Amino acid sequence: MSAALVYALLGAAIAVLLSVAKGSMRRLIYGGIFGVAVAFVAFPFVQSVGYLTRETVSPTLLGLLPRFPLLALVPLALAAGLVLARRGGASAALGGVLAGGVTLFSGLFLIAQPAGLARLIPVNGLMELLAGLVPLLVLALAGRSRPRLRWPLIGAGLILSALLFGWLNAGSGGHLYLPKMAGYYRLLGGVEPGLEQRIVEEYNAGLEERNAILREIGQPEEKPVQGLADFKGRIPQETAEQGYRLLQPGQIQYGAFAVFLLAGLMLGAGLMLLRRPRLAEVGDLRAGLILAGLVGVLLPAFDATEFELQKLVKGWPFLTGFMDRAWPPNLAAPDAANPIFPLQSVLSEMALTIEIALVGTFLAAIFAIPSSFLAARNLTQGSAFMRALFGFMRTFYNVDRGVDTLILALVFVAAVGLGPFAGVLAMAIHSIADLGKLYSEAIENVDRGPIEALESTGTSGVNVLRWAILPQVLPLFVSYTLYRFEINFRVSVVLGLVGAGGIGYFIKGAMDAGNYDQMIIGVIAIVIVVNLIDFASSWLRSRLV
Amino acid sequence: MIEVRGVSQVFQTKNGPFQALKDVSIDIPKGDFVAIIGRSGAGKSTFLRTLNGLLIPSQGTISVEGLEVTRLSKRELQRYRRSVGFIFQQFNLVTRLSVLDNVLHGRLGYLPTWRGLLGLYTERDYQIARAQLEQVDLTAKESARVDSLSGGQMQRVAIARAMAQEPRLMLADEPAANLDPVLSEEVMRILKRFNEQLGMTVVINIHALDLALKYAKRIIAFRRGELVFDGTAAELTDELVDEIYERKEMAA
């Protein structure tokens, strides 16, 4: 309860601050309305538990609607707020206050409810329908800019969507591969009266039988229960299997954070707008949609990454302990019984890391230069054969760009064994695509004039390439290659971690052995070399172009 | 020397076909100095580019000294082009190379491909290139990079490049439009000198009417792709000029 109020106050405070900065308040109201609308249907609001952890269901506000019909007030208030906000001025302010207030009080009412049983109602086919609509949406968007193809595209989209929907719903089709889609969206409904009494009675009736088993295996016996509270935050296995859950409105999820924050935002913005009705702008609706889109994408992402600052607070002593052991760096210990020379290792491993980057970039450039001419649109329009080559090269580049150096390195380590060679191969192959794409764009952007001039002197095609195009693109090629070398040095550090050798390998070894005072030398060396290379490369590039 | 017969040129553009030239026929004898006038988009540049085969006309034939330009294969066209100089409004030099390298480009058409790729010009090529640089008074700048030159110097390099081809015919597309009046006169004087001393045929597109009247022996005019005037400077009256440039409404 108090957390919810803090969120709401935070939202209101943001609105007040922005009003001081003369930001549009109506924009915030729109953002709040659309954001709460998204949260209402898509964000988990509270928690309901079964017997096992995986039986936990976190329903959305929409999912709670059958259990708490009062929640229908929220979408009604949002709709009213939207209508009012479009009228502008004091109406918009009232709309914000109305939508924010109703959302806030509905949410507070909900989380103040006591824990209780609820019945699961899976909505079969809803997620399948949404997934099925994706092809239609994509093709309809593609058709927007092509008026002549619009209706054929929409038709094709409809057919594809219907096929996908059918496949996802077929008994032996999609559900075999995407089992979670079936009934993924769940509503929570009310339960018949006397259910709790029945569960308690059934549990107590079966108690004697279970205790007999527990006695035999020497476990403590269970006691009779008086009510649901005695189950300590879960429900009996049979009850959960019958499709019941224990709804815990106090256990709020990130959807509650979004709803209360946005409710506070709308309320605050509405009140500020009442005082100063001129805080509205023309593009508010659009800005509000963008705001809601950001909230709709960012909040689930934070939740999915298990973002939790408490963990960092808990782990803080480890960090300070780590720094204590890492400082001062152990540059060399020649006197010990087993003398070690970490600084020397770092220098030679750093040299290897730079050498991997050098060879990888060089090989990539060697292959990218000829292939980039075939991937340049302006040089490959001559014949169908050249156009096919162009398509092939571009496809190769696009596929290659998608396969990261690290993934390639893992494959090559399996093929040619641990060591720098695997890293060099991976780096070279991935960089071909990146360099080739940059090179071919440079070729496409050359000045047409010299080409025309050399053609008009009767020069043959290859020589036009050599004397009109190459002199123009060569400095750019060198510049891009240097830039790629900068990136490849940093990639090379990481490649060491997967066994390609070099400074990354040294750091991993020191870390695994707990020699933090050696590892820190490697880290410092990387910082220095990265900056040196970036500085040198940008200086060289500025001289070239 | 040049016989143009019924040449039309149609371009496919976004807004449908555009007729740049309509049924143009003209004879240009050897040693002539022809200036082409007309408004922007009247077809002057298109006409010039069809003369050396940079563009192939949609209809009609062009023959130069008996050679039918419109029917040549790719290889034959390259052989033909090396005998035709072309000077561009934007100079179209390779600015990252030296002045001498750019002039030598005029000799590439005479070299076997492999020698061209390696830049293995013959001693004679160097002699010709240096002689042409002397003609345009740029011997001192021989090894300077082109991007360090002024606009007037660049156009002189471009002229030397075209002259290094030892052309029978010189085409020039607005060679003076990017230069100030003094440099424009200089470029025109150089072309005039080549025309008079070497008997080289010159065909030139030009905006500046005064320069055309001053230097050309013969003036032809295009209006919306059609040849509307062909005569000497003296025959070109003010009324005709107004008609060519479609200035009626403005005058009224």
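These protein sequence lines map, in sequence, to chains A and B.
The first sequence begins at 1 in our numbering and counts up one residue at a time.
The second sequence begins at 546 in our numbering and counts up one residue at a time.
Yeah, the Cβ is synthetic: ideal placement off N, Cα and C, and Gly gets one too.
Note that the structure is a prediction, hence the values are computed from the model and not measured.
Along the segment 636-668 of chain B, where does the CB come closer than 7 angstroms to a CB of chain A? Name the residues. Asn637, Leu638, Val639, Arg641, Leu642, His650, Gly651, Leu653, Gly654, Thr658, Gly661, Leu662
For chain B, find out if any of its Cβ atoms is closer than 9 angstroms to the Cβ of A/Gln472; answer yes or no. Yes, contact with chain B.
Which term fits B/Gln698, buried or exposed, when burial requires 16 or more other beta carbons within 10 angstroms of its beta carbon? buried
Using Cβ-Cβ distances below 8 angstroms, what residues of the segment 583-599 of chain B are close to chain A? Asn597, Leu599
Under 7 angstroms between beta-carbons, which chain B residues line up against A/Glu455? List them in chain order, please. The answer, in chain order, is Leu599.
What residues from the segment 762-792 of chain B come within 8 angstroms of chain A, judged by C-beta to C-beta, listed N to C? none
Enumerate in chain order the residues of its own chain whose CB-to-CB distance from A/Leu168 is below 8 angstroms, with the five nearest sequence positions on each side excluded. Glu128, Ala131, Gly132, Gly174, His175, Leu178, Met181
According to DSSP, is B/Ser608 part of a helix, a strand, or is it coil? strand
Mind listing the chain A neighbours of B/Gln710? Cutoff is C-beta to C-beta under 8 angstroms, in chain order. Thr457, Gly458
Would the beta-carbon of B/Val614 fall within 9 angstroms of that of B/Ile765? Against a cut-off of 9 angstroms, the Cβ pair of B/Ile765 and B/Val614 comes out as no contact.
Inside the segment 565-591 of chain B only - beta strand (DSSP E) runs reaching at least 3 residues: 578-582
Proximal chain B residues relative to A/Val446, where beta-carbon distance stays under 8 angstroms: Within chain B, no residue comes near A/Val446; the closest Cβ sits about 10 angstroms away, beyond 8 angstroms.
Would you say B/Ala703 reaches chain A, if we count a Cβ-Cβ gap shorter than 9 angstroms as a contact? Yes, B/Ala703 lies at the interface with chain A (some Cβ there is under 9 angstroms from its Cβ).
For A/Gln113, which of helix, strand or coil comes out of DSSP? A/Gln113 falls in the coil class under three-state DSSP.
By Cβ distance, which residues of its chain are closer than 6 angstroms to A/Phe105, with the 5 residues on each side in sequence left out? none
Verify the CB distance criterion: does A/Ala468 have a CB-CB separation below 9 angstroms to chain B? yes
Short of 7 angstroms in beta carbon distance, which residues of its chain neighbour A/Leu195, apart from the five on each side in sequence? Order them along the chain. Leu117
Interface residues of chain B facing A/Pro450 [CB-CB closer than 7 angstroms]: Asn637, Leu638, Val639
Below 7 angstroms CB to CB, which residues in the same chain sit around B/Leu724 once its five sequence neighbours on both sides are set aside? Gly696, Gly697, Gln700, Val732
Ignore the nearest five residues each way along the sequence and tell me which others in B/Leu694's own chain have a CB closer than 8 angstroms to its CB. Val644, Lys686, Val702.
Between the alpha carbons of B/Ala797 and B/Thr595, how many angstroms are there, rounded? Here the model assigns B/Ala797 a pLDDT of 45, short of 50, so the residue's position is not dependable and the matter cannot be decided.
Below 9 angstroms on C-beta distance, what does B/Gln680 contact in chain A? Correct list: empty, because the minimum Cβ distance to chain A is about 17 angstroms.
A/Ile235 - DSSP class collapsed to helix/strand/coil: coil
Suppose contacts are defined by Cβ-Cβ distances below 9 angstroms. Is A/Leu285 in contact with A/Arg86 by that definition? yes
Do A/Gly264 and A/Ala12 have their beta-carbon atoms positioned less than 9 angstroms apart in this structure? Between A/Ala12 and A/Gly264, the C-beta spacing is below 9 angstroms.
Partner residues on chain A for B/Gln623, Cβ-Cβ distance less than 8 angstroms: Gly458, Thr459, Ser460
Along chain A, in chain order, which residues have C-beta atoms closer than 7 angstroms to that of B/Arg627? Thr457, Gly458
Burial state of A/Gly171, where buried means 16 or more other Cβ atoms lie within 10 Å: It counts as exposed.
Who are the near neighbours of A/Gly255 in its chain, counting only those whose CB is closer than 6 angstroms to its CB and skipping five residues on each side? The answer, listed in chain order, is Ala39, Phe43, Pro44, Phe45.
Minimum Cβ-Cβ distance from B/Gln554 to chain A less than 9 angstroms: no
Tell me A/Ser248's beta-bridge partners as DSSP assigns them. The displayed chain sequence assigns Gln, not Ser, to residue 248 of chain A. Paired residue(s): A/Gln47.
Whose Cβ in chain A lies nearer than 8 angstroms to the Cβ of B/Phe739? Going along chain A, no residue has its Cβ under 8 angstroms from B/Phe739, so there is no contact; the nearest lies around 17 angstroms.
Would you mind stating whether A/Gly166 and A/Ile154 have Cβ atoms separated by less than 9 angstroms? no
When DSSP labels each residue in this structure, what does A/Phe68 get in the three-state scheme? A/Phe68 falls in the coil class under three-state DSSP.
For the pair the segment 428-435 of chain A and the segment 476-495 of chain A, tell me if three or more CB-CB distances fall below 8 angstroms. yes
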